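Residue numbers (the working numbering): 907 to 1052.
Heads up, the beta-carbon is just placed ideally off N, CA and C, and yes, glycines get one too.
Predicted model only: the values in this text are computed from it and were never measured.
Report on the following structure.
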C-alpha cells in the first residue's frame, strides 16, 4: 500500500509557522517587559541611594544648594520611576494580545494535528484490513493447491 500522505499537510505546516511566529512575538514583548522591570528596579535603587546619600550628608554644616540638588535628584528619580511604571502598565495589553494570539495559533495547529492523527489511524486500519484479506487469499490458494 502507498505511504500515508496527509492531504492538509501544507495547511498544518502553515499553522505551525504561525504558531512559531506568535511564540517569537510573545517572547519579544516579554523581553521588553523584563527590560522595563529591570530599569524600574535600577531607578528605585538609584532613588534609594540618593535618599541615603542625602541623609548621610546631613551631618555638620548643611548647604542649601546641596539640599536643593538632592531634592531635584529625588524628583527626577521619582519621575523616571513613574514613567517606567506607566510604560509597564501600557505593555500589559500587548502581552495579553500576544498570549491570546499564541493560544489561538496553538489551538488551530492542534486541531489539524488531531485530524491528521485520525486520518493516520484510519489509514493504518485500512492497511491491516488489506493485509488480512491478502493473507486469507493466500491461505485459500495454498489450501486449494494442497
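Cβ of residue i less than 8 Å from any chain D Cβ?
i           : result
residue 977 : The question asks about chain D, but that chain is absent: this structure has only one protein chain.
Residue i lies in the alpha helix (DSSP H); which residues open and close that run?
i           : result
residue 968 : Note, residue 968: premise wrong, no alpha helix (DSSP H); not H, not E.
residue 911 : Residue 911 -> no alpha helix (DSSP H), and no H or E assigned at all.
From residue i to residue j, what does the alpha carbon distance come to, in whole angstroms?
i            : j            : result
residue 1039 : residue 1032 : 10 Å
residue 1044 : residue 1024 : 30 Å
residue 984  : residue 953  : 7 Å
residue 940  : residue 919  : 31 Å
residue 999  : residue 921  : 24 Å
residue 1009 : residue 911  : 27 Å
residue 1037 : residue 930  : 46 Å
residue 1004 : residue 980  : 36 Å
residue 1048 : residue 1026 : 33 Å
residue 1007 : residue 928  : 6 Å
residue 926  : residue 1034 : 36 Å
residue 1014 : residue 1029 : 23 Å
Relative to the C-alpha of residue i, which residue among the options is closest?
i            : options                 : result
residue 943  : 1046, 979, 1014 and 993 : 993
residue 1018 : 1047, 936, 970 and 916  : 916
residue 945  : 1034, 996 and 987       : 987
residue 924  : 1020, 1011 and 1021     : 1011
residue 996  : 938, 975, 1028 and 1020 : 938
residue 960  : 990, 977, 933 and 935   : 977
residue 957  : 909, 1050 and 973       : 973
residue 949  : 1050, 1020, 991 and 934 : 991
residue 913  : 936, 1021, 971 and 932  : 1021
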